[in-house]
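Here the sequence shown is numbered in numbering that gives the first Met the number 0, starting from 0 and rising by one per residue. Ideal placement from N, C-alpha and C gives every residue a C-beta, glycine not left out. Every value quoted in this text rests on a predicted model; they were computed, and no experiment measured them.
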Amino acid sequence: MAARARGRANIKAVLGPTNTGKTHLAIERMLGHASGMIGLPLRLLAREVYDRVVKAKGETVAALITGEEKIVPETAKYFVCTVEAMPQDRAVEFVAIDEIQVARDLDRGHVFTDRILNARGFGETMLLGADTMRPMVRKLLPDAEITRRERMSTLKYVGARKITKLPKRSAVVVFSAEEVYAIAELLRRHRGGAAVVMGALSPRTRNAQVALYQSGEVDFLVATDAIGMGLNMDVDHVAFASRRKFDGHSWRDLRPDEIAQIAGRAGRFTRDGDFGETGECEPFDEEIVERVENHEFETIEAVQWRSDTLNFSTVPALIASLETPPSQPGLLRVRGADDEMVLRRLADDLDMMDHVRGPDDVRRLWEACQLPDFRKLSKDEHTQLAARIAGYIVVKKGRVPSTWIAAELDKLDRAEGDLDALQARLAQVRTWTYAASRSDWLEDADEWRMRTRAVEDKLSDALHEALTQRFIDRRTSALLKGLKREDALLAGVSEEGEVTVEGHFVGQLEGLEFRPDPRANGLEGRALRNAALRALRPEVSRRLARIAAAADADISLGRDGRVCVDGAAVARLAPGQPVLKPRLVMIGADTAGGVERNAAHERLELWLAQTVAADLRPLVALETAWREGRLPANARGLAFRLIENAGALDRVTEDIEIDAEAEAVLKRYGVRVGRHSVFMPQLVRPRAAATLAVLWHFAHPGKTQSVFLARPGALSVPLERPRSWGECAAAGFRACGHVAVRLDLVERLAESIEQQPDQLEPMLARIIGRPARELGGVLMALGYHKAPPVEGAPSQWRHALRRRKRKPQSAQPDNAFAELANLLPPSEAPPRRRRSKTA
């Protein structure tokens, strides 16, 4: 380490809250010297600063040294390191230690204290940290020059907000991976997504995630307290979703200074920032808020320490030297450090201790014990790993076998799996990256460093992609940003109707109706609809113009009541409208211009009116004659009923009586008065029946589940469920039990029975296209019964209808005309109804 000594010359302590430019000052000061070194609290931050130094001075003079990463050119002059990895044998002109308040940390604090006491630049030494360290700096380094820097912007408390209502450029802070994932998922569903930053991420993954946030692709960041350690991002608001963290020993509430360290990420340089709570975080009390806003915290009165004068003569001597008590006030000997725990456990391994002979072996054993516990599985598993490495480098006096590390890396060199699996592999790779950084542990250490780096990069990229896919909806994010632009969105519609906006699939354009991607909901669904409607206006206008100019041959009415142009549904029948006066409702094009939409609508309604007039010509003619008063009085009533009932009436159940004159008039309009029905034979034809069945169905909403329509040319069809008279008659059929028979064939069947009562049943069944076994059910439904059998003669069917005789209506006794009724002669029985010759 730079001039490892307790010199006091030219030591400067620059203290203050976040966003005071301390780290920036140190980097500028370092680059102003001929050589320098800076120790940083996080590998992530070290990588960020290294990139800045490379940009300023070039790769040939910049070095990066962390526990797992070493980039040290032979001509290196500026060394960017994690505090733990700062070289102890490198003399440089300038040395800086960042975030010196970490010296109070129970796990890492003793390393920071050692650097505060011993790391020196022979020209200048600079200590950076919170103002709470002022008493300790005075106590440990009384000759140090202390400078306080004020925050360049204000930090204000704004209270609690819902996660879904957080302002853009917000960072949500939690303290476990599970919480990070849960909140990031919530933000993806409601706000388009979030980038994720955790201390366990590799620099490559972290930088890629931060780039998503910094570029504006997402407006939210979900992070652990790793963002509090100098990671510079464009954050305006910090929202605490939790106030409790696990510090490696127990769960505890955040201290006010820790809250300030994290909240201080909001507002950079002269731009103000604010903080508050979100989710289930309990509100901060007034005292904490006041302290954070005014940067007033309890000072640090003691820091962790461990002796730097270690005795490597024997393992017991090393343990004893590690237990050396501090000789200076304010120093607390560290207890329970991982490396000491591993050393004590290995000291109980008598077989191993038999091979530890001399200071070199003790020193190498201690180096193996200092292997960081990246995996965080258990203390036993970590000890076993360190013991195995020690077995190779101490007991066998050799190197870690290449076959072992190769086998381990082969198992880890897989990019598939979920987030937890990828992070677990990355943690294990970090172990081997650390081992590869020790040239005396591995053969061909440089080659293994490249191999471990390649595996780490591969896993880092896979983890970044997995985080992005899970927590960022790039489509929604891109669409939201596109909607803010003034220029037109880049949209396209494929021949299949697939709609893309800014290169993202957003849904399907079916006719004039846009159907958003069904996988989208919430904010995503709204963004898709807004982007698509704005981008599709030109295409919808073009289609409306095409509809307005469409030829009759290009328009069709479907069984579902939809009107299609060129095969695409663009309108539908309005329910509840009269059969002969149907109306259409446009499907889609809600945001189109009124003029072009009305033109398309008018064209379709004109086509529909012409179709009704052509397909239902006899019924339209009858309605016109009735409306214009061209029918005699004795035909008007029946004509009206036919018009109201789609051109067909059940003569039997409705007891229809008609005189010869009225029948002759109606016959001229295509009406046939049959034995069982009054109907219009031309409407039974396939084209007319198809149109009439659909129109009848939509004219009677709720009465039928679906349109009843037989295939063209069918004589009869089986009925899977009961059908009403109206829906069958509109299609040209009559329900006869479990079979629907065409209206004209019912009449032919009746005529055949009347003309030849003893006709064989197979011959009768052939008329309606049914097997002989079904004939009985059809005839009984029509009111026929079998006559008593006569020996030697075929069975005969006879109609069972017996007309009810009308009872003369007697006058009410209290009626004023009752006496007149008594003066009338008794009424005679009505004459028998004359059957039409055409019946």
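Query: Kindly indicate the opening and closing residues of the alpha helix (DSSP H) around LYS867.; Result: Residue 867 lies beyond the range of the chain shown here (0 to 838); nothing can be said about it.
Query: Can the beta-carbon of THR81 be found closer than 8 Å to that of ALA45?; Result: yes
Query: Residues in its own chain within less than 7 Å of MET29 by CB, not counting five upstream and five downstream?; Result: GLY35, ILE37, TYR77, PHE93 and ALA95
Query: My output table needs one value for GLN795: the three-state DSSP class, helix, strand or coil.; Result: coil
Query: Assess contact between the stretch 655-668 and the stretch 632-643, defined as three or more Cβ pairs (one per stretch) separated by less than 8 Å. Is contact present?; Result: yes
Query: Is it buried or exposed for GLY108, if we count other Cβ within 10 angstroms and need 16 for buried?; Result: buried
Query: Within the stretch 542-623, note down every full alpha helix (DSSP H) run reaching 4 residues or more, in order along the chain.; Result: 593-614
Query: If MET151 sits next to ASN18, beta carbons under 8 Å apart, how far is it from one beta carbon to the other, in whole angstroms?; Result: 6 Å
Query: For SER715, count neighbouring Cβ atoms within 10 angstroms of its own Cβ and tell me buried if that reaches 16, exposed if not.; Result: buried
Query: Just how far apart, CA to CA, sit ILE642 and LEU621?; Result: 8 Å
Query: How should LEU759 be labelled, buried or exposed, when 16 other C-beta atoms within 10 angstroms of its C-beta is the threshold for buried?; Result: exposed
Query: Given this structure, state the Cα-to-Cα distance separating PRO793 from LEU603, to the nearest angstrom.; Result: 58 Å
Query: Candidates THR623, HIS784, THR703 and GLN755: which alpha carbon is nearest PRO574's?; Result: THR703
Query: Can you tell me which of the three DSSP states LEU253 falls into?; Result: coil
Query: Does at least one heavy atom of the ligand FMN sit under 7 Å from the Cβ of TRP796?; Result: This structure does not include the ligand FMN; it has no bound ligands of any sort.
Query: Would you give the residue range spanned by the alpha helix (DSSP H) that PHE111 belongs to?; Result: 108-117
Query: What are the partner residues of GLN303, as DSSP defines its beta bridges?; Result: LEU331
Query: Kindly indicate the opening and closing residues of the alpha helix (DSSP H) around CYS727.; Result: 724-729
Query: Which two residues bound the contiguous beta strand (DSSP E) that contains ASP649?; Result: 647-649
Query: Which residue or residues does DSSP assign as beta-bridge partners of GLY669?; Result: None, per the DSSP bridge assignment.
Query: Which value, in whole angstroms, describes the spacing of the CA atoms of VAL454 and LEU408?; Result: 8 Å
Query: Would the beta-carbon of VAL578 fall within 8 Å of that of TRP724?; Result: no
Query: Taking contact to mean 3 or more Cβ pairs, one atom from each stretch, closer than 8 Å, check whether the stretch 427-447 and the stretch 400-418 are in contact.; Result: yes
Query: Can you tell me which of the three DSSP states LEU145 falls into?; Result: According to the sequence provided, residue 145 is Ile. The question's Leu does not apply to it. Of the three classes helix, strand and coil, the one that applies to ILE145 here is strand, per DSSP.
Query: Around the C-beta of GLU68, are 16 or more other C-beta atoms found within 10 angstroms, so that it is buried, or is it exposed?; Result: buried
Query: Is MET340 helix, strand or coil by DSSP?; Result: helix
Query: Would you report the Cα separation of VAL498 and ALA588, rounded to the nearest angstrom?; Result: 15 Å
Query: Out of curiosity, what's the CA-to-CA distance linking ARG203 and VAL584?; Result: 56 Å
Query: Does the count of Cβ pairs from the stretch 308-322 and the stretch 279-299 closer than 8 Å reach three?; Result: no
Query: Going by Cα to Cα distance, which pick from ALA143, LEU253 and ALA194 is closest to ARG168?; Result: ALA194
Query: If I follow the unbroken alpha helix (DSSP H) through SER401, where does it start and stop?; Result: 401-411
Query: Taking THR124 and ILE10 to be in contact with their CB atoms under 8 Å, please state how far apart those CB atoms are, rounded to whole angstroms.; Result: 5 Å
Query: Among VAL341, ASP347, ASP360 and VAL393, whose alpha-carbon lies nearest the alpha-carbon of PRO371?; Result: VAL341
Query: Per DSSP, ALA903 is paired with what?; Result: Residue coverage of the chain in this structure runs from 0 to 838, which leaves residue 903 outside it and unanswerable.
Query: So, using beta-carbon positions, are ARG305 and LEU321 closer together than 8 Å?; Result: yes
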